[in-house]
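Encoded as structure tokens, the structure appears first; notes follow it.
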Amino acid sequence: MKKIFAIIMAALLLGLSACGSPEGTDKETKAQETTAENVETVPNSFEFTVDNYPRMGGSLANLPLGEAVTSTVLGISREDANKMITFAGSTTDNYKAIIDGKFDILLAYEPSEEAKEYIGNSGKELEMTPIGTDALVFICSDKNSVNSLTLDQIKQIYSGKLTNWSQVGGKDAEILPYQRNKDSGSQTLFDKLINLGDDLMDPPADLMVGSMIGLLEAVAQYDNSENAIGYTVYYYLTNMETDKLQSSKILALDGVQPSNETIGSGEYKLSNDFYVVIRKDAAEDSPERILYNWICSAQGKELVEKENYVAK
Amino acid sequence: MRKIIAVMLILALLLTAAACGRPAEEAETTTVEPETTQEDQTAEQGTPFFKLSSLPDIGKHSSQLIVDRWYDTYQDHLLLRSDYGTLLPFIGEVADIDASAIYDDTTQLNYGLMTLDGKIVVDAVYNYIWAETAPDGELFYNLETYARTNIPEAQVDHSNPYLESSKRYIIDSKGSKMLEVPYGSYCKFVKDKIVMLPSSEAVGKDPDSIWVFDRDFKQISHLSCKAMTGTNAKESWMENTALDCGYIVLGGDFGCQIFDLNGNRVLKDEKQLSYAWDFYEYIILKYEDETEKLVDASGKNCMPGGKVFSTVSVCGDNYYYNYKKTEYFISVKGDDGYRCYDRFLNPVGPLFDKDPVIVRLFGKMYYRSRGPGEDNLTYYELETGDPLDWSKHTTLDMSRFDSHFDEDYDTPTIVGNRFFLDEYYENTGENRYVRHIDLVDLQSGETVFQKERVDADVYRDRWISFTFYGRYSEDTGYSDPDEQSFIFDTQTQSIVVQEDKIKINEVDGVPYAGWIRNGHSLVKNLETQETLLNMFISSAG
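Chains L and U are the protein sequences, given in the same order. Residue numbers for the first sequence follow this note's numbering, beginning at 1 and rising by one. Residue numbers for the second sequence follow this note's numbering, beginning at 1001 and rising by one.
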């Protein structure tokens, strides 16, 4: 009887292997062979492998998402996923890299003016879909008695019109307003949302910081940090550099404290989207297009939320 | 029974056919979310899509930081003290540069110093740190700060941007003592001393002077070139390697003069010198009239028998572009041919009919030659003259081993007595040569991998770091890295680190690798594989 069942099973397997899809492409064959338990094994489903996985880059604050996408899609650990993706360099550099073909897909904040110009001059087009919302937040030392600023006060501080903390309800001390470098994602957000134009003061060299971590350290750890104010993006500070909040605090804006809820609802005003980006000419069956579509799907949104971002 | 089987088979096949008869459309509708999503649309169009039945649990993002500090807060300079233990450089900042007047690149790696157990002693305030080993093996670091990042345009001195803001220090590897070096100066560890020769560009220093310091950085002499030779250092200093054996060679219109580090004249010659270099305790002098001398500490010509023709390149084992890591010889041309001499000027090996090439292979020294009508080079043991029995060491065909070596020039590099770094060049046109390196396993005879546009460095005769220099860009005039670098461990036969920028420092005989990954700076002990530092430093965002 065992033999009979063996023959029946063989027939079943033969039948299954013969039916595939009409086209019978290699990719479809691969999909049938997939070993990941939770991958849909239906015709036209695509299997990502380490070899066909798109080169992914992006903004540092999107690193956990990039890691999660890669880990989920490939069925590998987060640690191994981290080694396959590159979330470094400025946001502007990342946009340049995808135009230059060094990346296939980006998870990134809005491009800077410089990046937009680069894209325009390249003659290439990008396709980008907002997948989540983050916010520009202002931070100061936890020793500072000021807890909230208005948008107007922030504008006046960064245009050099308010120079002393006593003018905004704090103690009599000079305000040290730190800025980021022009091609950073944080600065692009600042330029767009605070919109000071030519009124933005030129920062002294020692108040210009080349990295997000550098800015946090400047506000949270340096000797003169008690009088400093700086800015970064909410997710980065509250999910990736939480230890900095031991010596610094996030300022409320017009009395609204930033949180996933207030950012999602728009109550906190300085919010902005981040995107999944591919080159527009990516073929419909290219791995980057398939990944792009998945990130934009309901399941992609579920993953964005799972990673504690505010999903679109 | 047969009927039963036939019915079951038909049922099975029918069931199978029912399950797979129609492709994408119907199958997908059973698995996708009810709402119309992008994969629904693409699937309906018959294009490939990806979907999971559910999201797996992958845990939370963890930066896995390993950061410890000697001091509680950010440290912007080195505090000298004797209890740090040996220090190690680490990449502590990737700065975006907004000073295009100074740099071609737009990113700058900045470095700090940490202890070997991972405690940060100085944050990333140095633009460059490079190690220097004294002849007796003591390790020192050069710390350099030049134009800091993001210098406002108004503050950039375009006429000489480096000098205004540049500082250079030499410290011992334990961070207990420091010597400030004027920017542009030439510094050299010579025996148990340090010789400093300010260049004409050096700030605040007289280019006529030569300073000599002991290992505690105490000045022990200050020599004046003008007083010694009648002209100043700018004109008389000879860029040569004779300093290695403890002599200052000054040449110019006055001829050639050699002094010891106390300023005592060893030799005075009217003849014009072309160049000078060292051979252990001796100085080799090559004059413009093509004559040569080999002199000792008293200035006495010690040339054995004939004319010094050249030093002989020696390589093998952990050798790579530094013949002084291993034993080396000189060959002297006499009337009857060339003869090699060791560091004590004792003759070694046979008489050669041309300038010999000596190579270290599998732990022994060999010379090589190609017999009349022979295609392959043959290697002969220097001491015994016995030919190398190639088959004892490898299954690799001999012709594969030396196919890229000219008889008179390049020498092979073997790592760990097992892996052969086969280096050769390809002319890509317009006289631009691309370096290729094949890593060949001598045991199996197989090529492990082939890489192009790559440099290689060998550490401890075990680890090989491959650094890609990328494709040449007509636009920038530079080669842009377009692939990652990696470190290959010949013992485990695996790639242990693969990143964009890998920096290796060998400290107390142990190689430490540092690199940047997703905004983190990591430092790993290659021997133990222990990660000493994992710090968030990114410039992204």
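Using N, Cα and C, we set each Cβ at its ideal position, and we do this for glycine too.
Integer-rounded CB distance, given that residue j should sit under 8 Å from residue i
| i | j | result |
| --- | --- | --- |
| R1339/U | Y1280/U | Their Cβ separation, rounded to whole angstroms, is 17 Å, which puts R1339/U and Y1280/U out of contact at 8 Å. |
| K1286/U | F1309/U | At roughly 10 Å, the Cβ-Cβ gap does not stay under 8 Å, so K1286/U and F1309/U are not in contact. |
| F46/L | F1049/U | 6 Å |
| N1534/U | L1522/U | 5 Å |
| A115/L | N62/L | Not really, about 15 Å apart at Cβ, beyond 8 Å. |
| S1224/U | S1209/U | 6 Å |
| L1143/U | I1129/U | 6 Å |
| T1492/U | E284/L | Rounded, the Cβ-Cβ distance is 43 Å, inconsistent with contact. |
Beta-carbon spacing of residue i, residue j below 8 Å
| i | j | result |
| --- | --- | --- |
| L1273/U | G1251/U | yes |
| Y234/L | I263/L | yes |
| I1495/U | S1465/U | no |
| I105/L | E302/L | no |
| I1504/U | I1091/U | no |
| A228/L | S141/L | yes |
| L1065/U | L1113/U | no |
| L270/L | A135/L | yes |
| T92/L | S122/L | no |
| V1348/U | Y1379/U | no |
| I1437/U | E1446/U | no |
| A1124/U | Y1141/U | no |
| V1094/U | I1537/U | yes |
| A97/L | I1058/U | no |
Partner residues on chain U for residue i, Cβ-Cβ distance less than 7 Å
| i | result |
| --- | --- |
| R78/L | I1058, G1059 and H1061 |
| L303/L | L1055 |
| K306/L | L1055 |
9 Å Cβ cut-off: residues of chain U touching residue i
| i | result |
| --- | --- |
| V256/L | Those within 9 Å of V256/L in chain U number zero; the least Cβ separation is about 23 Å. |
| D285/L | T1047 and P1048 |
| F103/L | The premise fails here: F103/L is roughly 13 Å from chain U at the closest Cβ pair, so nothing lies under 9 Å. |
| F138/L | Per Cβ cutoff of 9 Å: no residues; F138/L is ~16 Å from chain U at best. |
Contact list for residue i against chain L, beta-carbon separation under 7 Å
| i | result |
| --- | --- |
| I1504/U | Ordered by position in chain L, no residue passes the 7 Å Cβ test against I1504/U, which lies about 19 Å from the chain. |
| L1533/U | In chain order: nothing, as chain L lies at least about 14 Å away. |
Chain L within 8 Å of residue i, Cβ atoms only
| i | result |
| --- | --- |
| G1046/U | yes |
| K1524/U | no |
| V1125/U | no |
| K1501/U | no |
| K1051/U | yes |
| L1055/U | yes |
| Q1529/U | no |
Own chain residues within Cβ distance below 6 Å of residue i, not counting five before or after
| i | result |
| --- | --- |
| T25/L | With a pLDDT of only 32 at T25/L, under the threshold of 50, the placement of this residue in the model should not be trusted; the figure read from the coordinates follows. Taken in chain order, the list of residues that qualify is empty. |
| M84/L | T70 |
| F1213/U | I1194 and Q1219 |
| D1269/U | G1255 and C1256 |
| T86/L | G57 |
| R1462/U | G1416, T1490 and Q1491 |
Cut-off 7 Å between Cβ atoms - residues of its own chain near residue i, not counting five sequence neighbours on either side
| i | result |
| --- | --- |
| P1135/U | F1189 and K1191 |
| F1254/U | T1229, G1230 and T1231 |
Closer than 8 Å to chain U by CB, residue i
| i | result |
| --- | --- |
| K192/L | no |
| E33/L | Legend: pLDDT at E33/L = 35, less than 50; position of this residue unreliable, value from coordinates given subsequently. No, no contact with chain U. |
| A6/L | Unreliable positioning characterises A6/L in this predicted model, as indicated by a pLDDT of 36, which lies under 50. The coordinate reading is nonetheless provided below. So no, A6/L is outside the interface. |
| S122/L | no |
| I250/L | no |
| Q246/L | no |
| W294/L | yes |
| I99/L | no |
| V73/L | yes |
| I290/L | yes |
| F274/L | no |
| G45/L | Gly is not the amino acid found at residue 45/L; the sequence shown has Ser there. Closer than 8 Å: yes. |
| Q167/L | no |
| Q156/L | no |
Proximal chain L residues relative to residue i, where beta-carbon distance stays under 9 Å
| i | result |
| --- | --- |
| N1518/U | L60, L63, G66, E67, N82, K83, I85, T86, F87 and A88 |
Chain L contact residues for residue i, given Cβ-Cβ distances below 8 Å
| i | result |
| --- | --- |
| L1243/U | Correct list: empty, because the minimum Cβ distance to chain L is about 39 Å. |
Contact list for residue i against chain U, beta-carbon separation under 8 Å
| i | result |
| --- | --- |
| E114/L | Within 8 Å Cβ-Cβ: nothing; E114/L doesn't reach chain U, min ~11 Å. |
8 Å CB neighbourhood of residue i in its chain, flanking five on each side removed
| i | result |
| --- | --- |
| G1085/U | T1115, L1116, D1117 and K1174 |
| C1302/U | Y1282, L1294, V1295, D1296 and L1345 |
| E1506/U | A1131, Y1459, R1460 and Y1512 |
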